[in-house]
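Going down the list, the sequences are from chains C and B.
So for the first sequence, this note's numbering puts the first residue at 1; every next one is plus one.
So for the second sequence, this note's numbering puts the first residue at 1001; every next one is plus one.
Ideal Cβ placement from N, Cα and C applies to all residues, glycine included.
Since we're looking at a predicted model, the values are computed, not measured.
First up is the structure itself, then whatever we jot down about it.
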Amino acid sequence: MSSSSPSAEASPTPTRHIAVRHAFTLTLLVIGLWLMHMNLRVLPEAGVVALWIAVTLLIAHGGFRRHRIRRAAFLRGYLEPTSQWPRRLRGGPLMALRHLVIGALLGGLLLITLARIPTQEVWAALLVAGFVLVLGEALFARLLRGHAHPQFAPELARSGALRVTGLLLIVVLLVLALQARYPDLTGATLEQAVWFLVHHEAARSHLLEAGLQLAAAQDALRLWLGQQWFPQGVESLPALLGWLLVLAEQAFLALGFLLLANGLLPLRPTNDTLGDPRNAPVIE
Amino acid sequence: MAMTAGWHTAWTWLVLTLLASASLLWLASQHEPRNWEEAAPLTLQLGEQRYQVEQERLTRLERFTLEWLEAGDAEARDHWQGRVDTELDARFAELHDRVPEVADWYYSLGAEYMRLWLRGTQWLGDAEPDAPARMLRERLLPEALWDHALRDLATRIEWGVDEQQRQVRDAWRLELAERLADARIPDPPPRAGGGSAAEIERGHALHTALDIDLERFDQRTGLAATAAAGTGLATPLIARAVQARLATRATQAGLARSLGRAGRAGALGAGVCAWSGPFSLGCGITAAGATIIGVDWLLLRLDETRHREDLEQALHEALDALHAETRLAWQQAIAERVEARHAASRASVENTFQPWRRPGPTSGVASGDGHGPSGASP
Chain C
1 MSSSSPSAEA
11 SPTPTRHIAV
21 RHAFTLTLLV
31 IGLWLMHMNL
41 RVLPEAGVVA
51 LWIAVTLLIA
61 HGGFRRHRIR
71 RAAFLRGYLE
81 PTSQWPRRLR
91 GGPLMALRHL
101 VIGALLGGLL
111 LITLARIPTQ
121 EVWAALLVAG
131 FVLVLGEALF
141 ARLLRGHAHP
151 QFAPELARSG
161 ALRVTGLLLI
171 VVLLVLALQA
181 RYPDLTGATL
191 EQAVWFLVHH
201 EAARSHLLEA
211 GLQLAAAQDA
221 LRLWLGQQWF
231 PQGVESLPAL
241 LGWLLVLAEQ
251 AFLALGFLLL
261 ANGLLPLRPT
271 NDTLGDPRNA
281 PVIE
Chain B
1001 MAMTAGWHTA
1011 WTWLVLTLLA
1021 SASLLWLASQ
1031 HEPRNWEEAA
1041 PLTLQLGEQR
1051 YQVEQERLTR
1061 LERFTLEWLE
1071 AGDAEARDHW
1081 QGRVDTELDA
1091 RFAELHDRVP
1101 EVADWYYSLG
1111 AEYMRLWLRG
1121 TQWLGDAEPD
1131 APARMLRERL
1141 LPEALWDHAL
1151 RDLATRIEWG
1161 VDEQQRQVRD
1171 AWRLELAERL
1181 ADARIPDPPP
1191 RAGGGSAAEI
1201 ERGHALHTAL
1211 DIDLERFDQR
1221 TGLAATAAAG
1231 TGLATPLIAR
1241 AVQARLATRA
1251 TQAGLARSLG
1261 RAGRAGALGA
1271 GVCAWSGPFS
1281 LGCGITAAGA
1291 TIIGVDWLLL
1301 RLDETRHRED
1311 LEQALHEALD
1321 ALHAETRLAW
1331 QQAIAERVEA
1341 RHAASRASVE
1351 NTFQPWRRPG
1361 PTSGVASGDG
1371 HGPSGASP
């Protein structure tokens, strides 16, 4: 971590480059998501399916990549390098399939959530979250330098940054959701509430329309329950917790966005400090 | 040197990032996401019930509705036109039966002197020219059998036509509700408001389209007015028929001939009473009066034997003409009445079922994102 070491002197420029490049990439990602938000409802079926596949692949790619690194760390810790098992267990089609399934689920949810984003402030939140992710990753990488194994440090840094950013983004989205306006469903039956919200959801793609209507139906159920339980809004701590529970679906947007960013951004390369005597394995 | 270039590149990336972010935020604040409305289903409100229907299905329902209305209204029109025919036939048969009685009256002394009196006043210049024909009409078409009867008939038919058209629309509503049973949706939440105002207004339009208040039609094409016009038509028709038949009648000679007849009768009376001495004046007047009346009676009988058949024929013809005219007027009035309501319903139905054809305040396709500016914030 000393700034006087040769490796540390060479690092600032490429590191800063990476940070701003990543920040720019994430800005482009948010712009892309905004364009999707603007046009999703009028996209034909093929367009929606193509977007879904792209989002799925991106999320799966990021998840798969990090999972393999974590698996490698695990295998290195527990197995002999000369064994054939580390190679067999390093992660193959099964792991890829698992991430594809997760990617398809989260990607679909992300698309539906994107089409239904009600307030403009969300875009500022996503932009800022993108910057926080990049900065957090740089910060973690810096903090981990000289402490973590260089092969696993990028994953660790990304993981830490994702967790912190995810937490912050969810909090911000929840605050925005708490301040948003919703139809007043007090005095209505559940059937009325569901129909009222489902009725307004329309899209050119039947697939997306079905998804939107499902989302609207569960939205109606949650809002209706929320307004039945806490008709006065947030007045007390239990009411606040209740409303946070009702609006918890905001987490899907945060999760989808961050996993998408994770797939889009290559892991941050770290300087190999294994040669550094400080990093020599401690054998007692 | 490389360090400076690196910084420049970093700054460039940073500026690009900030520019892109600012553009995104500005664009996001300026534009609303595009909505897919082309195939959005419409909401119909029939009475208290709301339905969500695809546009294709609405087009089919529109055709079905128009056919239903067309058939129902045509049936109502035919039914009531037939009914009017029957009623008028019965009414005129009764009037035809009155013709001999009217002819008896016509050839009575009382009627003759009444005509003489009218002719006298006509000669003096203060009487209506059609007075004899009017008297004849009053005899032939007494108020109880004609004016009142027509007014009653008009009221009955107006009510019946409206009732039948209402029934057609009620049946349509039931049929439609049955057909739309699978498309029923619940009412919107009572306090959600939002984008449902247009729907409700449109639904209201549909509801009233088929239940248009009758006052509008009473002002436009009242059958009572037709009945009154028929009454007014009777006098000239009778006058024309009677004149055509009895043009050669001697009574055209008028008052002068009657006076001459009276003079001759007076002379005759004086001659007959010449033997009676002091009572000759009274006797003469009585004899002259009796002679006048007798002569008039004889002349009337003569006239009756010669022209009664013609008169009866003329009266029958006048009644036939009146029958034909009245029938035509009533048929037209019923057709107009049915058509007026049909056209109004049709226009409303077309407007209601395919609102996108005519952009207007009540015709917008209801849409909204469900997050309208109403409602409670948690």
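Asked: Terminal residues of the alpha helix (DSSP H) in which residue 1151 of chain B lies; Found: 1147 to 1179
Asked: Closer than 7 Å at the beta carbon, the chain C residues around residue 1031 of chain B; Found: 38
Asked: Pairwise C-alpha distance: residue 265 of chain C and residue 162 of chain C; Found: 12 Å
Asked: Straight-line gap, residue 1077 of chain B to residue 1049 of chain B (C-alpha atoms, nearest Å); Found: 31 Å
Asked: Presumed contact (8 Å Cβ cut-off) between residue 1381 of chain B and residue 1306 of chain B, rounded CB distance; Found: The displayed coordinates of chain B run from 1001 to 1378. Any statement about residue 1381 of chain B would go beyond what the structure contains.
Asked: Where the alpha helix (DSSP H) through residue 1106 of chain B begins and ends; Found: 1099 to 1106
Asked: Residues that DSSP places opposite residue 116 of chain C in a beta bridge; Found: DSSP, once it has assigned bridges, lists no residue as partnering residue 116 of chain C.
Asked: Contact with chain C by residue 1065 of chain B, beta-carbon distance below 8 Å; Found: no
Asked: Residue 246 of chain C vs residue 225 of chain C beta-carbon contact at 8 Å; Found: yes
Asked: 8 Å contact criterion, which residue 75 of chain C and residue 155 of chain C should meet: CB distance rounded; Found: Actually they do not touch by this definition, with Cβ atoms about 14 Å apart.
Asked: Spatial distance of residue 186 of chain C from residue 77 of chain C (CA atoms); Found: 58 Å
Asked: CB of residue 1019 of chain B within 8 Å of CB of residue 30 of chain C, strictly; Found: no
Asked: Below-8 Å beta-carbon distance, residue 1180 of chain B vs any chain C residue; Found: no
Asked: Beta-carbon spacing of residue 92 of chain C, residue 56 of chain C below 8 Å; Found: no
Asked: According to DSSP, residues forming a beta bridge with residue 197 of chain C; Found: Bridge partners of residue 197 of chain C: none, in fact.
Asked: Neighbourhood of residue 63 of chain C by C-beta, 8 Å cutoff - its chain only, sequence neighbours within 5 removed; Found: 99, 102, 103, 259, 262 and 263
Asked: Buried or exposed by the 16-neighbour rule on C-beta atoms within 10 Å, applied to residue 1100 of chain B; Found: exposed
Asked: Contact check, residue 54 of chain C vs residue 170 of chain C, beta carbons under 8 Å; Found: no
Asked: Neighbouring residues, chain B, relative to residue 30 of chain C (Cβ below 9 Å); Found: 1020, 1021 and 1024
Asked: Per DSSP, cross-strand counterpart(s) of residue 1238 of chain B; Found: In DSSP, residue 1238 of chain B forms no bridge with anything.
Asked: Residue 84 of chain C: contacting residues in chain B (beta-carbon distance under 9 Å); Found: Ordered by position in chain B, no residue passes the 9 Å Cβ test against residue 84 of chain C, which lies about 44 Å from the chain.
Asked: 8 Å Cβ cutoff, residue 50 of chain C in contact with chain B; Found: no
Asked: Classification of residue 1338 of chain B by the beta-carbon crowding that lies within 10 angstroms, buried from 16 upward; Found: buried
Asked: Close Cβ partners of residue 204 of chain C (< 8 Å) along its chain, the five nearest in sequence each way excluded; Found: 41, 42, 43, 44 and 45
Asked: For residue 1189 of chain B and residue 139 of chain C, the rounded distance between their alpha carbons; Found: 50 Å
Asked: Residue 1013 of chain B: contacting residues in chain C (beta-carbon distance under 8 Å); Found: 17, 20, 21, 23 and 24
Asked: Cβ pair count under 8 Å reaching 3, the stretch 1088 to 1099 of chain B against the stretch 1136 to 1150 of chain B; Found: yes
Asked: Interface flag, residue 47 of chain C vs chain B, CB-CB below 8 Å; Found: no
Asked: Residue range of the alpha helix (DSSP H) that includes residue 65 of chain C; Found: 45 to 78
Asked: C-beta neighbour in chain C for residue 1056 of chain B, strict 8 Å; Found: no
Asked: C-alpha distance - residue 1064 of chain B paired with residue 1177 of chain B, whole-angstrom precision; Found: 13 Å
Asked: Residue-chain proximity (residue 196 of chain C, chain B), Cβ-Cβ < 8 Å; Found: yes
Asked: Inter-residue spacing [alpha-carbon to alpha-carbon] between residue 1029 of chain B and residue 167 of chain C; Found: 26 Å
Asked: Collapsed DSSP secondary structure at residue 1044 of chain B in the structure displayed; Found: strand
Asked: Unbroken beta strand (DSSP E) run spanning residue 1050 of chain B, endpoints; Found: 1049 to 1053
Asked: Minimum Cβ-Cβ distance from residue 217 of chain C to chain B less than 8 Å; Found: no
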